[in-house]
Amino acid sequence: MAPSRGPPPTPRHLHLTLEGHTGPVHVVRYAKGAAKYILSGGQDRTVRLFNPDLGTEIKTYKGHGYEVLSITVSPDNSKFASGGGDRSVFYWDVTTGQTIRRLAGHMGRINAVDFNADASVLASGSYDGKVNLWDLRAQGVRTPIQILDDARDSVTSLSVASNLIVTGSVDGHVRTYDLRKGELRADYLGYPVTSVLPTVDLQTVLATVLDSKVLLMDDSAGTALATFTGHRNTEYKARACFGHGEASVVCGDEDGRIWAWDLLDGKPMGANPPPKVHKKVITWVEQHPVQRGEMVSASGDGTIKVWRDRATNIGTEV
0 MAPSRGPPPT PRHLHLTLEG HTGPVHVVRY AKGAAKYILS GGQDRTVRLF
50 NPDLGTEIKT YKGHGYEVLS ITVSPDNSKF ASGGGDRSVF YWDVTTGQTI
100 RRLAGHMGRI NAVDFNADAS VLASGSYDGK VNLWDLRAQG VRTPIQILDD
150 ARDSVTSLSV ASNLIVTGSV DGHVRTYDLR KGELRADYLG YPVTSVLPTV
200 DLQTVLATVL DSKVLLMDDS AGTALATFTG HRNTEYKARA CFGHGEASVV
250 CGDEDGRIWA WDLLDGKPMG ANPPPKVHKK VITWVEQHPV QRGEMVSASG
300 DGTIKVWRDR ATNIGTEV
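Taking numbering that gives the first Met the number 0, the leading residue of the sequence shown gets 0, the next gets one more, and so forth.
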């Protein structure tokens, strides 16, 4: 959890802006480990691979017939999966750009996808209120190996970690499935949940709700350990993430601002309010998985922005 010396500053120097998509960008994900690539998906039905150092677009993946809403990258960065309005999960080879499999089984758009630790199982969460688990080792897989159908409304987000699957849904619940024990814990937060992200130790979960709040939940007790406020998020799906070392919380809002809070005291870091950095709602923020001074944001304005700190970039402070 948070180191005692306090969190490092949130990267706020604009390194570059990526403008490859035509229309809103819904998701942007870093490659795993130290790899310097990002994958993004948008309203234009494409997934795009960028080099965030140089700002170059390396490859465009076409196959979706509707908007792309979710992406997950395999641990070895050789494969990725995407979901969206097609109601099917696309499983891709990064290098060839070809679709390896197309997994059909949902009755509504797919809002979230995530691999397990070795990418042998893929979880998909949908507007139909179901989470499907797919065995990617099986040849010719046509049906999920398990369906989690406890949500009473659209599943907006999910995260697979060790033997746990954590989901957030429009019915206001964060659900934690312990697959090893066969147990389910459901915590009602009172408002639609748009994103969930467990900490590395799996003891707490970061949940974003459509009440302009981000909550740090104790996963065993179901109580809020901290509440982060100040941003505006009442209508659109937004995603909160942890800053480097899980010492801070970062979230974009509907005014185009990127907020950051100290995890320990819940106070905003930097300017309050922070400056507006996107023209429309910020749909996704993500801290680089290992590098301290880099972060990306995606927006309804059609752009992706790469942010650095003073130690790694001489850029424009905003």
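Here a beta-carbon is modelled for each residue, glycine too, at the ideal position from N, C-alpha and C.
Mind reading off the beta-carbon distance from residue 122 to residue 164? Whole number of angstroms is fine, and I expect it under 8 angstroms. Numbered from its first residue, the sequence shown carries residue 122 at position 123. Numbered from its first residue, the sequence shown carries residue 164 at position 165. Yes, residue 122 and residue 164 are in contact; Cβ-Cβ is about 6 angstroms, under 8 angstroms.
Within 10 Å of its beta-carbon, does residue 182 have 16 or more other beta-carbons around it, so buried, or fewer, so exposed? Working through the sequence shown from its first residue, we reach residue 182 at position 183. With fewer than 16 Cβ atoms within 10 Å of its Cβ, residue 182 is classed as exposed.
Name the DSSP bridge partner or partners of residue 286? If you number the sequence shown from 1, residue 286 lands on position 287. Answer by DSSP bridge pairing, in chain order: 294.
Tell me, to the nearest whole angstrom, how far the beta carbon of residue 194 is from that of residue 237; I am working on the premise that it is less than 8 angstroms. Translated into the one-based positions of the sequence shown, residue 194 becomes position 195. Translated into the one-based positions of the sequence shown, residue 237 becomes position 238. About 7 angstroms separates the two Cβ atoms, so the contact holds.
Give every residue of the same chain whose Cβ lies closer than 7 angstroms to the Cβ of residue 286, excluding the five residues on either side of it in the sequence, and list them in chain order. In the sequence shown, the residue the question calls residue 286 occupies position 287. Cβ neighbours of residue 286 beyond the five flanking positions: 240, 241, 242, 243, 249, 294.
Under the DSSP definition of a beta bridge, which residues are partnered with residue 205? Indexing the sequence shown from 1 puts residue 205 at position 206. Per DSSP, 196, 215.
Is DSSP giving residue 172 helix, strand or coil here? What you label residue 172 is simply residue 173 of the sequence shown in a count that begins at 1. Looking at residue 172 - three-state DSSP - the assignment turns out to be strand.
Buried versus exposed, by CB contacts within 10 Å (16 or more), residue 218: Counted from its first residue, the sequence shown places residue 218 at position 219. Counting Cβ neighbours within 10 Å, residue 218 comes out buried, since at least 16 surround it.
Nearest residue (CA-CA) to residue 114, options 145, 84, 97, 160: Residue mapping note: residue 114 aligns to position 115 of the sequence shown, counting from 1. That would be 160, whose Cα lies nearest to the Cα of residue 114.
Taking the alpha-carbon positions, what's the residue 153 to residue 198 distance? Counted from its first residue, the sequence shown places residue 153 at position 154. Counted from its first residue, the sequence shown places residue 198 at position 199. Residue 153 and residue 198: Cα-Cα distance of roughly 24 angstroms.
Residue 29 - partner residues in DSSP beta bridges: Translated into positions along the sequence shown, residue 29 becomes position 30. Looking at the DSSP assignment, residue 29 forms a beta bridge with 37.
Tell me which residue opens and which closes the beta strand (DSSP E) that residue 130 is part of. As a first step, residue 130 is located in the sequence shown; it is residue number 131 there, counting from the start. Per DSSP, residue 130 belongs to the beta strand (DSSP E) from 130-134.
Neighbour-count burial assignment, residue 42, 16 or more Cβ in a 10 Å radius: As a working mapping, residue 42 is identified with position 43 in the sequence shown. Residue 42 should be labelled buried.
For the candidate residues 307, 48, 127, 252, whose alpha-carbon lies nearest to that of residue 283? Counting from 1 along the sequence shown, the entry for residue 283 is found at position 284. When each option's Cα is compared against that of residue 283, the closest is 252.
Below 8 angstroms on the Cβ atoms is my guess for residue 257 versus residue 281; work out the distance and round it to an integer in Å. Sequence index remark: in the sequence shown, residue 257 carries index 258 (1-based). Sequence index remark: in the sequence shown, residue 281 carries index 282 (1-based). That pair is a contact at about 7 angstroms.
Cα-Cα separation between residue 10 and residue 215, rounded to whole angstroms: Taking the first residue of the sequence shown as position 1, residue 10 is located at position 11. Taking the first residue of the sequence shown as position 1, residue 215 is located at position 216. So the alpha carbons of these two residues sit roughly 22 angstroms apart.
If you draw a straight line from the alpha carbon of residue 259 to that of residue 265, how long is it in whole angstroms? Counted from its first residue, the sequence shown places residue 259 at position 260. Counted from its first residue, the sequence shown places residue 265 at position 266. Roughly 9 angstroms between the two C-alpha positions.
Would you decide whether residue 273 is buried or exposed? Buried here means 16 or more other CB atoms lie within 10 Å of its CB. Taking the first residue of the sequence shown as position 1, residue 273 is located at position 274. The residue in question, residue 273, is buried, as its Cβ has 16 or more Cβ neighbours within 10 Å.
In angstroms, rounded to a whole number, what distance separates the CA positions of residue 45 and residue 128? The count along the sequence shown starts at 1 and reaches residue 45 at position 46. The count along the sequence shown starts at 1 and reaches residue 128 at position 129. So the alpha carbons of these two residues sit roughly 25 angstroms apart.
Using only the alpha-carbon positions, how far apart do residue 72 and residue 63 sit? The count along the sequence shown starts at 1 and reaches residue 72 at position 73. The count along the sequence shown starts at 1 and reaches residue 63 at position 64. Approximately 17 angstroms, taken between the alpha carbons.
Identify, in the order they occur along the chain, each residue of the same chain with its Cβ nearer than 7 angstroms to the Cβ of residue 348, setting aside the five sequence neighbours on each side. Lying outside 0 to 317, the shown extent of the chain, residue 348 is not represented and no answer is given.
Check residue 12 in the structure and name its three-state DSSP category. Counted from its first residue, the sequence shown places residue 12 at position 13. Residue state, collapsed to three classes: strand.
With C-beta atoms as the reference, is residue 301 less than 8 angstroms away from residue 22? Here residue 301 refers to the residue found at position 302 of the sequence shown. Here residue 22 refers to the residue found at position 23 of the sequence shown. In contact: residue 301 and residue 22 (Cβ atoms closer than 8 angstroms).
For residue 116, which option in 59, 31, 25, 20 has the closest C-alpha, if you only look at C-alpha atoms? In the sequence shown, counting from the first residue as 1, residue 116 sits at position 117. For residue 116, the nearest C-alpha among the options comes from 31.
Taking the straight line between their C-alpha atoms, what separation do you get for residue 118 and residue 79? Against the sequence shown, residue 118 aligns to sequence position 119. Against the sequence shown, residue 79 aligns to sequence position 80. Rounded to whole angstroms, residue 118 to residue 79 spans 9 angstroms at the Cα level.
When the Cα atoms are used, what is the spatial distance from residue 103 to residue 166? Here residue 103 is taken as the residue at index 104 of the sequence shown, counted from 1. Here residue 166 is taken as the residue at index 167 of the sequence shown, counted from 1. C-alpha separation (whole angstroms): 20 angstroms.
Any beta strand (DSSP E) of 3 or more consecutive residues that is wholly inside the segment 56-129: 67-72, 78-83, 87-92, 98-103, 109-114, 120-125
Alpha-carbon to alpha-carbon, residue 60 and residue 70: Counted from its first residue, the sequence shown places residue 70 at position 71. Counted from its first residue, the sequence shown places residue 60 at position 61. Taking the straight line joining both Cα atoms gives about 12 angstroms.
If you run the structure through DSSP and keep just helix, strand and coil, what is residue 3? In the sequence shown, counting from the first residue as 1, residue 3 sits at position 4. The predicted position of residue 3 is uncertain, since its pLDDT is 47 and thus under 50; no value can be drawn from it.
Within its chain, find whatever has a CB closer than 6 angstroms to the CB of residue 126; leave out the 5 residues flanking it on each side and keep chain order. Translated into positions along the sequence shown, residue 126 becomes position 127. Only 107, 108, 153 meet the Cβ criterion.
Leaving aside the five residues before and after residue 36 along the sequence, list all residues of the same chain whose C-beta is less than 8 angstroms from its C-beta, in chain order. By one-based count along the sequence shown, residue 36 stands at place 37. Around residue 36: 29, 30, 48, 49, 50, 51, 57, 76.
Assuming residue 307 and residue 12 form a contact by the criterion Cβ under 8 angstroms, report the distance between their Cβ atoms to the nearest whole angstrom. Counting from one through the sequence shown, the residue named residue 307 turns up at place 308. Counting from one through the sequence shown, the residue named residue 12 turns up at place 13. Right, their Cβ atoms sit about 5 angstroms apart.
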